[in-house]
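Peer 1: In this note's numbering, the protein residues as written are 14 to 857. Beta carbons: idealized from backbone N, C-alpha and C, even for Gly.
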RNA sequence: GCCCGGGUGGCGGAACUGGCAGACGCGUCGGUCUCAAAAACCGAUGGCCGAAAGGUCGUGCGGGUUCGAUUCCCGCCCCGGGCACCA
């Protein structure tokens, strides 16, 4: 046979066509093998694929192919998250309809994915902008509505002036900017649609513990985002204008009821609805109004920076502190947030730094009520129930653990978060109906309506007579009309033929909702649709979903640590409560891959540092690109692009090609006696490497797995160089070469297939072969080299049989000349023998 | 401020539960082949001293535990990320 060079450009398309013809990656539920569901976060069809895609999908492909070889029935699907703003922006720029732009990009990306040789089951592809898909998103909306999880309400929401739409809290990132365009987000009071994710706040937090296969970092981020605080609600009676208590009360949330005796003033957020009523027509109105107006002018950035100056104004009114009956003044303060808790706060200046600063600024009293035991005040006040000290000598508030003082009958109790003092005060309040234990979350409801065209229409109708009416299920999908001219800035609200409808309930004139749904609603359940992607009768067959789900291994970018991953968990829990699925969490194991950078920066067109995957495929082939991106760094770390590194991998693949070809194209020569030692060493190396590669894949250490394959190639090449042809064991040599090909199959599927079928002359695809076996016993070397340490420093080495006993090892170590010399100079105080590793002498 | 990561040669990175720091690759230097170059192959490659043998210092910094620490403990510094007037 004429010798050929490694030519990825001829072998890659060839095998891609064969695999497709043979439906190699199509899978079904009726299979006796155990299942694995390997999923990568589906892409947004933004245009050409970038290195981030290459990395994400190469990782997933190795995992999927590996599990297949391990004997699993592996579901490995792909699709497109196809609604969204970039399509509209592109339309405005180029005059192409968002649909046209989106589908063209999908075709482009699909072609690239095929060129990369990813092992997808293409029959299960979904595109979220297809009516066959988004109709089920509308169905979900209706089901959520039935379950009371949909709400339309007016509230202060995030508005992106550049994207011209509202955003969910999760889509406002960093210092208050839009997640997509990075514009500064404004607050606007608007009526919008929400999914009540807060109903699941506690479970979303608790169930993080059911996810040992998730990175700690992601779980922490979600826990921070959900932001649970435990404490109490406390009712303060409001006094009338004459200072006499009324029947009305204002409730606050506090994590520190144990500090209640130190509450010397009471604060309302500037947006609090009560403010206007309390001050209207009074002498305090002007000053309060100034604070309210100033707060409105504060931009998100100023507020978020935390540096905004604290300002406030007295309202002229008082509330009654429930624990001691004291009347405390009600102020309006700009640092109180309407969105958190009740928008009203009990101020305890001795225990809260913000209140402390405010009190100092406005000359309000700061009596100590919790003091640390090493504080001089402790001795003075330990038995004081009444207030004898009205002002602390401190520079700052104290919020650590301590003892309650000047706190009536509670004086002397331990204070601090989770303390007995907290429990005692809460119980006392509860008995008297003045308070109760409470939990507060930072998580807000998910704002899902968007004032944009290219999205899933919300299936709701506004009827003057009936109010909000759901679109009847049998009328789904509400089709997104395609004759909207986005280049003229049109939205659905410009198309009467879309929104002018009859009310489904009363038949009267009504208006169809013209907002679309957040694209994150589309991506919150796509992994379920893959289980039964072509079903036109229901969202998915529950039996099929029960077979494949949950996703065994999910792979994607850390940027979705909160957004997509939190929303998907929420959807799954609602689906469970609807009886569609029977598990609590959609993604059992999560791998968050790092970014691909160049010159220390993320690749982006604006920086001009993009390396195009297609160019690299054209030069080195998809296999080299895949192997390179897996070799250069562990998958969860950022990866710095290096052209030389890619060339190095390409060289490695060439060496593999030549070596395997050499081995199989040389006829065995048995004319001499086989070099047994060399053959055994190669067998040993083969077993060691198979074990190493297997362990490394299981731990997602693809970089070290590839290193080990390089070591096997190095050993096999060395064998060939060092052992003359007539003394080689061609069986051993061929077995090593075949093993190398099998190990490489998940990483470089085309090269492996070509070598397997064409060079090794094996009859069936390498990708349906069982994963190579290894025996740890056979991987052990018969002899090991011991390092001999004297007082912690390596002073010599001895090679001994692997099974040498401890005494024999020590004796051999003592016999090393240099060591013997050092031992002779002193007294041996201690000897440590670590089997197979080293001997350590302590000499004095 | 709180919570997560992370700091190892010229570079990317190895070192699983404490056991020979620097696997593997890149780069660099030297060599073989060649008229020459490329490719390929062989060899060297942490710093310092030394011709060599060898010695010595080395995993952000300072301590500690241990026969032995990149790994464990205490106290810092720096970088990246998340949350943050959250009551």
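Kindly indicate which three-state DSSP category residue 97 falls into: helix, strand or coil?
Peer 2: As a position in the first chain, residue 97 is number 84, starting the count at 1. In the three-state DSSP reduction, residue 97 falls in the coil class, being neither helix nor strand.
Peer 1: Between the segment 262-282 and the segment 322-342, do three or more beta carbon pairs fall short of 8 Å?
Peer 2: Taking a contact to require three or more Cβ pairs closer than 8 Å, the segment 262-282 and the segment 322-342 qualify as touching.
Peer 1: Only counting the same chain, and skipping five residues up and downstream in sequence, which positions put a Cβ closer than 7 Å to that of residue 13?
Peer 2: Within the shown structure, residues of the chain are numbered from 14 to 857, placing residue 13 beyond reach of any answer.
Peer 1: Excluding the 5 residues preceding and the 5 following residue 157 in the sequence, name in chain order all residues of the same chain whose CB lies nearer than 7 Å to its CB.
Peer 2: Here residue 157 corresponds to residue number 144 of the first chain, with the count starting at 1. Closer than 7 Å at the Cβ level, and outside the excluded window around residue 157, lie 163, 208 and 587.
Peer 1: Taking residue 353 as the reference, give the member of 420, 385, 639 and 282 with the closest Cα.
Peer 2: On the first chain, position 340 is the one that residue 353 refers to. Nearest Cα to residue 353 within the set 420, 385, 639 and 282: 282.
Peer 1: Three-state secondary structure (DSSP) at residue 856?
Peer 2: Numbered from its first residue, the first chain carries residue 856 at position 843. Strand at residue 856.
Peer 1: So, is residue 852 buried or exposed, given that buried needs 16 or more other C-beta atoms within 10 angstroms?
Peer 2: As a first step, residue 852 is located in the first chain; it is residue number 839 there, counting from the start. By the neighbour-count rule (16 or more Cβ atoms within 10 Å), residue 852 is buried.
Peer 1: Would you kindly report the start and end of the unbroken beta strand (DSSP E) that includes residue 360?
Peer 2: Counted from its first residue, the first chain places residue 360 at position 347. Residues 357-360.
Peer 1: Once the 5 residues before and after residue 179 are set aside, which same chain residues still bring their CB inside 8 Å of it?
Peer 2: Numbered from 1 along the first chain, position 166 holds the residue referred to as residue 179. Only 170, 171, 172, 173, 201, 203, 205, 460, 462, 463 and 464 meet the Cβ criterion.
Peer 1: Tell me whether residue 9 is buried or exposed, calling it buried when 16 or more other Cβ atoms sit within 10 Å of its Cβ.
Peer 2: In the structure displayed, the chain extends from 14 to 857; residue 9 sits before or after that span and is not available.
Peer 1: Assuming contact is defined by CB atoms lying nearer than 8 Å, are residue 46 and residue 85 in contact in what I supplied?
Peer 2: By one-based count along the first chain, residue 46 stands at place 33. By one-based count along the first chain, residue 85 stands at place 72. Yes, the Cβ-Cβ distance between residue 46 and residue 85 is below 8 Å.
Peer 1: Should the segment 628-647 be called in touch with the segment 671-680, which here means at least 3 C-beta pairs below 8 Å?
Peer 2: For the pair of segments examined, the segment 628-647 was found not to touch the segment 671-680: the number of CB pairs separated by less than 8 Å stays below three.
Peer 1: Along the chain, where does the alpha helix (DSSP H) containing residue 721 start, and where does it finish?
Peer 2: The count along the first chain starts at 1 and reaches residue 721 at position 708. From DSSP, the alpha helix (DSSP H) with residue 721 extends over 715-735.
Peer 1: When burial is assigned at 16 or more other CB atoms within 10 Å of the CB, is residue 214 buried or exposed?
Peer 2: Reading the first chain from its first residue, position 201 is the one you call residue 214. With 16 or more Cβ atoms within 10 Å of its Cβ, residue 214 is classed as buried.
Peer 1: Spatial neighbours of residue 183 within its chain, please: CB distance less than 6 Å, with the 5 preceding and 5 following residues excluded, ordered by chain position.
Peer 2: Residue numbering aside, residue 183 sits at position 170 when the first chain is read from its first letter. The answer, listed in chain order, is 575 and 576.
Peer 1: Restricting to runs no shorter than 4 residues, where is the alpha helix (DSSP H) found entirely within the segment 342-411?
Peer 2: With a minimum length of 4 residues, the continuous alpha helix (DSSP H) runs that stay inside the segment 342-411 are 366-375 and 389-394.
Peer 1: State the Cα-Cα distance for the pair residue 583 and residue 624, rounded to the nearest angstrom.
Peer 2: As a working mapping, residue 583 is identified with position 570 in the first chain. As a working mapping, residue 624 is identified with position 611 in the first chain. Note on geometry: alpha-carbon atoms of residue 583 and residue 624 lie some 37 Å from one another.
Peer 1: What separation, rounded to the nearest whole angstrom, lies between the Cα atoms of residue 427 and residue 347?
Peer 2: Taking the first chain and counting its residues from 1, one reaches residue 427 at position 414. Taking the first chain and counting its residues from 1, one reaches residue 347 at position 334. Cα-Cα distance, rounded: 32 Å.
Peer 1: Could you give the residue range of the beta strand (DSSP E) that holds residue 272?
Peer 2: Numbered from 1 along the first chain, position 259 holds the residue referred to as residue 272. Here residue 272 belongs to no beta strand (DSSP E), and DSSP marks it neither H nor E.
Peer 1: Could you tell me the alpha carbon to alpha carbon distance between residue 560 and residue 155, rounded to whole angstroms?
Peer 2: Locating residue 560 in the first chain gives position 547, where the first residue counts as 1. Locating residue 155 in the first chain gives position 142, where the first residue counts as 1. Their backbone Cα atoms lie some 26 Å apart in a straight line.
Peer 1: Straight-line CA distance for residue 317 to residue 413?
Peer 2: Indexing the first chain from 1 puts residue 317 at position 304. Indexing the first chain from 1 puts residue 413 at position 400. Confidence at residue 317 is low in this model, with a pLDDT of 49, below 50, so the placement of that residue should be treated as unreliable; the coordinate-derived value is given next. Approximately 25 Å, taken between the alpha carbons.
Peer 1: Which value, in whole angstroms, describes the spacing of the CA atoms of residue 436 and residue 72?
Peer 2: The residue given as residue 436 occupies position 423 in the first chain. The residue given as residue 72 occupies position 59 in the first chain. For residue 436 and residue 72, the distance between alpha carbons rounds to 50 Å.
Peer 1: State the DSSP-derived secondary structure class of residue 680, mapped to helix, strand or coil.
Peer 2: If you number the first chain from 1, residue 680 lands on position 667. Three-state result, residue 680: coil.
Peer 1: Which same chain residues, not among the five before or five after residue 651, have their C-beta less than 8 Å away from its C-beta?
Peer 2: As a position in the first chain, residue 651 is number 638, starting the count at 1. Correct list, in chain order: 607, 608, 609 and 610.
Peer 1: For the structure I just gave you, are there three or more beta carbon pairs, one from the segment 494-510 and one from the segment 99-106, closer than 8 Å?
Peer 2: yes
Peer 1: Give a yes or no on contact between the segment 359-370 and the segment 403-410, applying the rule of three or more CB pairs nearer than 8 Å.
Peer 2: Counting Cβ pairs under 8 Å, three or more are found: they touch.
Peer 1: Under three-state DSSP, which class holds residue 284?
Peer 2: Stepping through the first chain from its first residue, residue 284 is reached at position 271. It is coil, neither helix nor strand.
Peer 1: Who does residue 86 pair with in a DSSP beta bridge?
Peer 2: Translated into positions along the first chain, residue 86 becomes position 73. Note: residue 86 sits in a beta bridge opposite 48.
Peer 1: In the DSSP assignment, find the unbroken beta strand (DSSP E) run with residue 331 in it and report its ends.
Peer 2: What you label residue 331 is simply residue 318 of the first chain in a count that begins at 1. Here the beta strand (DSSP E) through residue 331 covers 325-333.
Peer 1: Where does the unbroken alpha helix (DSSP H) through residue 119 begin, and where does it stop?
Peer 2: Within the first chain, numbered from 1, the residue matching residue 119 stands at position 106. Residue 119 -> alpha helix (DSSP H) spans 111-129.
Peer 1: Within 10 angstroms of its Cβ, does residue 118 collect 16 or more other Cβ (buried), or is it exposed?
Peer 2: Walking along the first chain from the start, residue 118 turns up at place 105. The residue is buried, with at least 16 neighbouring Cβ atoms inside 10 Å.
Peer 1: Between which two residues does the beta strand (DSSP E) containing residue 453 stretch?
Peer 2: Here the question's residue 453 lines up with position 440 in the first chain. Residues 448-454.
Peer 1: Can you have a look at residue 545 and say buried or exposed, based on whether 16 or more other CB atoms are within 10 angstroms of its CB?
Peer 2: Along the first chain, read from residue 1 onward, the residue named residue 545 stands at position 532. Counting Cβ neighbours within 10 Å, residue 545 comes out buried, since at least 16 surround it.
Peer 1: Is it true that the CB of residue 243 sits closer than 8 Å to the CB of residue 3?
Peer 2: The structure shown does not extend to residue 3, since the chain is modelled only from 14 through 857, so no value can be given for it.
Peer 1: Determine the direct distance from the alpha carbon of residue 387 to that of residue 404, and round the result to whole angstroms.
Peer 2: Here residue 404 refers to the residue found at position 391 of the first chain. Here residue 387 refers to the residue found at position 374 of the first chain. So the alpha carbons of these two residues sit roughly 18 Å apart.
Peer 1: Can you name the start and end residues of the alpha helix (DSSP H) that residue 535 belongs to?
Peer 2: Position 522 of the first chain, counted from the first residue, corresponds to residue 535. 532-535 is the extent of the alpha helix (DSSP H) around residue 535.
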